[in-house]
Structures are given as structure tokens and as C-alpha cells.
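Only one structure is covered here, and it is reproduced in the block below.
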Amino acid sequence: MLFSYAGANKIGGGVVWRILASRVGPLRFQSIVPAGHGDYFGVRVLTAKVFFANLCTLFVWGEAGSSGAELMPEFLETDMIEVKELRRRFGPVVAVDGVSFSAAKGQVVGLLGPNGAGKTTTMRMLTCYIQPDSGTASVCGHDILTDSIGVRRSLGYLAENSPAYPEMTVGGFLKFICDIRQIKGRRRKAALDRVVPMCSIESVYHQTIETLSKGYKRRVGLAQALIHDPEVLILDEPTDGLDPNQKHEVRRLIGAMAKDKCIIISTHILEEVEAVCSRAIIVARGKVLVDSTPQELKGKYHASLDEVFRRITTTQAAATN
Ligand SMILES: Nc1ncnc2c1ncn2[C@@H]1O[C@H](COP(=O)(O)OP(=O)(O)OP(=O)(O)O)[C@@H](O)[C@H]1O
Ligand SMILES: [Mg+2]
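So in our numbering, spot 115 of the sequence shown is number 115, and the numbers just go up one at a time.
What follows is the structure, encoded as C-alpha cells:
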């Protein structure tokens, strides 16, 4: 859910507008106020679970009254991530070469590609860790070039090597992340009570991070990405290093969260794509070769996803060079 407000009509529209804009993001909010009715006064806000079937409880329309049904699809299909022609090179190496795609709430997008294809670099640009040479992207309406704070607030990021402070305990590290994200008091306790069992790290809570095994470090990385319950999750090889039980558990977790979030994962495990991804974007040498669904790809090539991946990345990548 993005936001719900069960309010009377004729409330101070300007105030409501500002509250909503700060919570929902101005672009998305404007997009659901019909043209001509989006004045700042007399904006009605209702909860409309019936219309949105639990996908969203926010419903706004102007005084003159347009029907919710005609606004609903526009709202539900709003993209949470938009990537436009991103490019990035490192010296002579072109890591990302004009990548564009978008992703909406409810989608789990699998970013696939051979080693060195540009997956991590794309994710690092999307999460504002590095800047693109050209192109841009937005996360929940926040531009990565002009509003990196907004971007970072909206997303949780599990980086490739789960960076953390080795000398901190797991609990100390997660509390530190809460401080950075300004999650305090009861909210902090609630956040820790939620993510610690979610990521199965109770047994190592008091252990220093440097003493953890690779899989447990990964789980702590996942916990910090989830701690503020972000709308967008960017997970770079989330199951890398996990034992089979934990792999299964993390996939289950991603599936359970998918309804309310927009999730991008990179992975080399194609069975994982089939298990959790509603879309598969295959990249090679910094370019998007395919943007489809796992089912469509298997149907089109009459082959397993492994075979499809091999065919696409060996033939098409070669053809683009
Ligand atoms: N900081 C950097 N300095 C120099 N080259 C870099 C840097 N980061 C990435 N590269 C290069 O950019 C290319 C893309 O790397 P990237 O890490 O994005 O690939 P990837 O798709 O995530 O690969 P993998 O599947 O191995 O994780 C590679 O050739 C890599 O060597
Ligand atoms: Mg990578």
C-alpha cells in the first residue's frame, strides 16, 4: 500500500496535497487527479479497497467527480522504476551501453546476463552509488541525478558483496542502519522484530560481522535492505552463497513481498528466475537483448530457460559487436 487517507471532503486541500505529495510522490499523485479537477481545494480522498482489491487503498478525485474505475488502471500501471538510456564506461570498458526499461509495482524483474554484462553497474547507478555518463533513471518518481536522497529513501539495496562494518555486531549494524534511516524508538524495535526472523539471523544477532559465514553476511545484507520496508528492492544476486534451505526461504520471501513492491534481482540461477520473476531482462555487453517473461521465452524458443539464455547471449551478443 502506498498511502491511505479516510478523510472528509472539503478538507484543506493544499495541506492534504502536500502531505500526499510527500508520501506518495508528486508525479504519481498528480497522475491520479484527473485533468481539470486537480485544483488544490476540495480534493477528496477516500479509501477504496473495493476498487483496488487490496493492491492500493488510495483513491483521489476532484469535486466534479470522475469515476474511480477510469482512473484505476492508470494508477496501478504507474512505473516505480524508469531507466532511460543509461550509459557508463570505466576507461575503455563500456559497462552499460544505453540500457532502458521500466518496472511497476507487483513485478519481480530478473536481470540476467553473463559475467561482466553490466548488471551490477546498472544497479549501482539506479541506487545512486555511481553516476551515469549519460541517460537517467527514476525510482518512485525521484530522479537519480537530481534527487538521490529521495531515491535512497524509496529503495532497499543488497549490493553484490554485502558491504558492512566487520567489527560491528549484527544487532549493532542493523541499529546503525535504523539511525541512518531515522527509524527510532518503537519503530526501530518493530523494524528489528520484523527483519531479524524474516532473514533468520536470530542466532548471530550478537556476533560480529567479520566472524560470520558468507551466507549469514548475505542474510544481514538482506535485513538492512528490508529494514525500512521500502517500495522498491534492488537485490544483486540475493541468494549467492546461501544454503539450499535459505535459497528457498529467500525466494519465498521475495515472492511474498512482490505484491506490494517493485523488485529487481540479478541472478545466474535460472531456476530462480522461473521461481520468482514475472519478467526477465537479458543483458550482455551492456545492452538489453531481451525483455520478456520466463514463460514467453520458453514458449518462443521451445527450450529450457538455460538453453534460451545460452542461445540469446551467445548469438545476439555477438551480433551486436
Ligand atoms: N569500478 C570499476 N572499474 C573498472 N571496471 C569496472 C568497474 N566496475 C565494473 N567494471 C567493468 O564493467 C563491466 C561490467 O561489470 P558488472 O560488474 O556491471 O557486470 P555484471 O553483469 O554484474 O557481472 P557479474 O555477473 O560477474 O556480477 C565489466 O567489464 C567490469 O570489469
Ligand atoms: Mg554483478
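Think of the CB as a built atom: it goes at the ideal place given N, C-alpha and C, for glycine as much as any other residue.
The three-state reading of DSSP puts H142 in strand, counting E and B together. The Cβ atoms of A95 and T121 sit closer than 8 Å to each other. In this structure, DSSP gives T293 a state outside helix and strand, which the three-state scheme calls coil. When E296, K119 and L86 are compared, the shortest CA-CA separation from S138 is found for L86. At least one heavy atom of ligand 1 sits closer than 7 Å to the Cβ of A95. The stretch 191-199 makes no contact with the stretch 108-122: fewer than 3 CB pairs, one atom from each, lie closer than 8 Å. For G98, the closest C-alpha among the options A284, N161, E296 and F309 is that of A284. Remark: the shortest separation between the CB of T121 and any heavy atom of ligand 1 falls under 7 Å. A Cβ-Cβ distance of about 6 Å is found for the pair T239 and E272, placing them in contact under the 8 Å criterion. Distance check between L155 and each of P230, I265, R251 and P114 places P230 closest, using alpha-carbon atoms only. With a threshold of 16 other beta carbon atoms within 10 Å, R186 falls short and is exposed. The shortest C-alpha to C-alpha distance from E237 to any of A104, L192, I81 and S266 is the one to S266. Where R310 is concerned, the enclosing alpha helix (DSSP H) starts and stops at L305 to R311.
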